[in-house]
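So for the sequence shown, this note's numbering puts the first residue at 474; every next one is plus one.
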Amino acid sequence: MPDRNSETTGNKLLGLELVRFAAAFGILFWHYQHFAFAADIPADIFRLRQPFYPLLRAFYDYGADGVKVFWCVSGFIFFWKYREAVADRLVDGKNFFVLRFSRLYPLHAVTLLFAASLQFAYFKLHGYFFVYQNNDLFHFLLQLFMGSDWGFQKGMSYNGPIWSISVEVLVYVCFFLVLRYLSRAAWVNMVIIAACAAARMSGVSSPVIDAAALFYLGGLAAMARRTLQVHKRPHKLVLAAWGVLCSAPFAVPVFKACHLDPDLYILVYAPILVFCVSGPVRVSPSAAKFIEAAGNMTYSSYLLHFPIQLCLVLACSAAKTAIPVFSPFFLAVYLATTLAAAYLAYRYFEAPAQNFIRHKFSPRRG
């Protein structure tokens, strides 16, 4: 019988949980620049003066890439968890919808209403909205149906960060339909990735294309990890992947010197990263619980951090004081408030709402 530690770490993909949390943390830093915005215009001289910038430069400058890492991680998890179940018709369309709806929509609906009320409070004080300016009925309806970035929008609105989830919803639909009605074979992933690459090379730019490419690359990483379970010499292959992962940062100067698209680097690096960290991780049960809690906070921190920013700037307005954007203490308050709210939201709202919806509408859970 396997020991408890190995059973826990083997089933929970703890390495991926850490990557998810790091990506979410990077996005918090990337969006710290919002505090220096005038309406939707960023301050040009702001970046180098952010708190602890020399130490945290990677987060401040490249935190936006956390969204792309999320897409790749999602692809891995979906193919790891649902590939066989959907292809074998163990999970039908209704069940798949309920699983996704229960995971994403409750917190989205609450944060949308919260952000909308705060945006209009901010508009009443300043005559313009905070960062995202397209806060009208049309864009509210787009947000309500999680369609804020499906191509109908004039720009970002309300709780702007939901855009990446909106895009991913379309990829979920593709994922289900392709597995259900076409094939589960790896070549399908390769064809979709190639089609996305061809679209980008022909000048077609869309976040849906980027999300699909990274999602299906994550799916290939999941298939590779499954293959290793029956491979005679998996350790050599894993070591080779780790070697590529560790040497990849040295390729950054080459990409810059050759003026290559930075997104190409992410397309190569992200699936190798998720493959490497998806292996078994041996930690104590208490450490595993802590890592799982950190991973569980990623979605809530992503949707809550912008409303929390609104709360902080409104508090500064009420106190008739300038936003102390260069203060390390202010950065700490922003991060601590966001992470605490994310933890509480998951524990006392997200998880209960998810369980309620699944128990009421779905015979299966996942």
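C-beta: ideal position from N, C-alpha, C; glycine also.
Quick one: measure Cβ to Cβ for Glu492 and Val750, integer angstroms, because I've assumed they're closer than 8 angstroms. Your numbering for residue 492 matches position 19 in the sequence shown. Your numbering for residue 750 matches position 277 in the sequence shown. Note that residue 492 corresponds to Val in the displayed sequence, not to Glu. The pair is a contact, with the Cβ atoms about 6 angstroms apart (cut-off 8 angstroms).
Work out the CA separation of Ile764 and Leu487 for me, nearest whole Å. By 1-based counting over the sequence shown, the position of residue 487 is 14. By 1-based counting over the sequence shown, the position of residue 764 is 291. Taking the straight line from one Cα to the other gives about 7 angstroms.
What does a CB cutoff of less than 7 angstroms around Ala497 pick up in its chain, not counting 5 residues either side in sequence? Position 24 of the sequence shown holds residue 497. Cβ within range, chain order: Gly539, Thr771, Ser774, Tyr775.
May I ask you to list the residues that DSSP assigns as paired with Ile514? Along the sequence shown, one-based indexing puts residue 514 at 41. Ala511.
Leaving out five residues before and five after Pro515 in sequence, what residues of the same chain have Cβ atoms less than 7 angstroms from its Cβ? Here residue 515 is taken as the residue at index 42 of the sequence shown, counted from 1. Counting only Cβ-Cβ distances below 7 angstroms, and skipping sequence neighbours, we find Gln506, Ala509.
On the CB-based measure, 16 or more other CB atoms within 10 Å of its CB, does Leu580 come out buried or exposed? In the sequence shown, residue 580 corresponds to position 107, counting from 1. Leu580 should be labelled buried.
So what does DSSP say about Pro524, is it helix, strand or coil? Along the sequence shown, read from residue 1 onward, the residue named residue 524 stands at position 51. If DSSP states are grouped into helix, strand and coil, Pro524 belongs with coil.
How about the segment 623-634 and the segment 592-610: do they share at least three Cβ pairs that are nearer than 8 angstroms? yes
Endpoints, alpha helix (DSSP H) assigned at Gly692: The residue you call residue 692 lines up with position 219 of the sequence shown. Where Gly692 is concerned, the enclosing alpha helix (DSSP H) stretches over 680-701.
With distances taken Cα to Cα, identify the nearest neighbour of Gln616 among Lys597, Ser637, Phe602. Here residue 616 refers to the residue found at position 143 of the sequence shown. Of the listed residues, the one whose Cα sits closest to Gln616 is Ser637.
State buried or exposed for Cys669, treating a residue as buried only when at least 16 other CB atoms are found within 10 Å of its CB. The count along the sequence shown starts at 1 and reaches residue 669 at position 196. Around the beta carbon of Cys669, a 10 Å sphere encloses 16 or more other beta carbons of the protein chains shown; the residue is thus reported as buried.
Quick one: is Pro801 near chain C, going by C-beta distance under 8 angstroms? Here chain C cannot be found, since the structure has a single protein chain.
Quick one: residues in its chain with C-beta nearer than 6 angstroms to the C-beta of Ala826, no 5 flanking neighbours on either side, listed in chain order? Reading the sequence shown from its first residue, position 353 is the one you call residue 826. So the list reads Pro579, once near-sequence residues are dropped.
Distance cut-off 7 angstroms: Ile739 Cβ against heavy atoms of the ligand ATP: This structure does not include the ligand ATP; it has no bound ligands of any sort.
Mark Phe723 as exposed unless 16 or more other C-beta atoms lie within 10 angstroms of its C-beta, in which case mark it buried. Locating residue 723 in the sequence shown gives position 250, counting from the first residue. Result: exposed.
So, with DSSP's three-state summary, where would you put Asp561? Residue numbering aside, residue 561 sits at position 88 when the sequence shown is read from its first letter. Coil.
Okay, do the segment 680-691 and the segment 548-557 touch, 3+ Cβ pairs below 8 angstroms being the bar? yes
Within 10 Å of its beta-carbon, does Thr811 have 16 or more other beta-carbons around it, so buried, or fewer, so exposed? In the sequence shown, counting from the first residue as 1, residue 811 sits at position 338. With 16 or more other Cβ atoms within 10 Å, it is buried.
By the three-class DSSP mapping on this structure, what secondary structure does Asp784 have? On the sequence shown, position 311 is the one that residue 784 refers to. Position check: residue 784 holds Cys in this sequence, whereas Asp was assumed. In the structure shown, Cys784 sits in a helix (DSSP, three-state: H, G or I).
So, do the segment 819-834 and the segment 563-578 have three or more beta carbon pairs nearer to each other than 8 angstroms? In the pairwise beta carbon analysis, the segment 819-834 is classified as touching the segment 563-578: at least three pairs are separated by under 8 angstroms.
In chain order, what residues of the same chain lie with their CB nearer than 7 angstroms to the CB of Val798, ignoring the 5 residues before and after it? For this step, residue 798 is matched to residue 325 along the sequence shown. For Val798, where only same-chain residues beyond five positions count, the Cβ hits under 7 angstroms are Phe508, Ala509.
Please report how far the alpha carbon of Ile666 lies from the alpha carbon of Phe649, in whole angstroms. Translated into positions along the sequence shown, residue 666 becomes position 193. Translated into positions along the sequence shown, residue 649 becomes position 176. Answer to the nearest angstrom: the Cα atoms are 16 angstroms apart.
Supposed contact pair Ala684 and Glu641 - C-beta distance, whole angstroms, cut 8 angstroms: Locating residue 641 in the sequence shown gives position 168, counting from the first residue. Locating residue 684 in the sequence shown gives position 211, counting from the first residue. Under the criterion of beta carbons closer than 8 angstroms, Glu641 and Ala684 qualify as touching, at roughly 6 angstroms.
Go to Trp636, then tell me how far its alpha helix (DSSP H) extends in each direction, as first and last residue. For the purposes of this step, residue 636 is taken as the residue at position 163 of the sequence shown. That run of the alpha helix (DSSP H) goes 636-654.
Take Ala714 and list the residues in its own chain whose beta-carbon comes closer than 8 angstroms to its own, dropping the five residues that flank it on each side. Along the sequence shown, read from residue 1 onward, the residue named residue 714 stands at position 241. Contacts found: Ile745, Phe748, Cys749.
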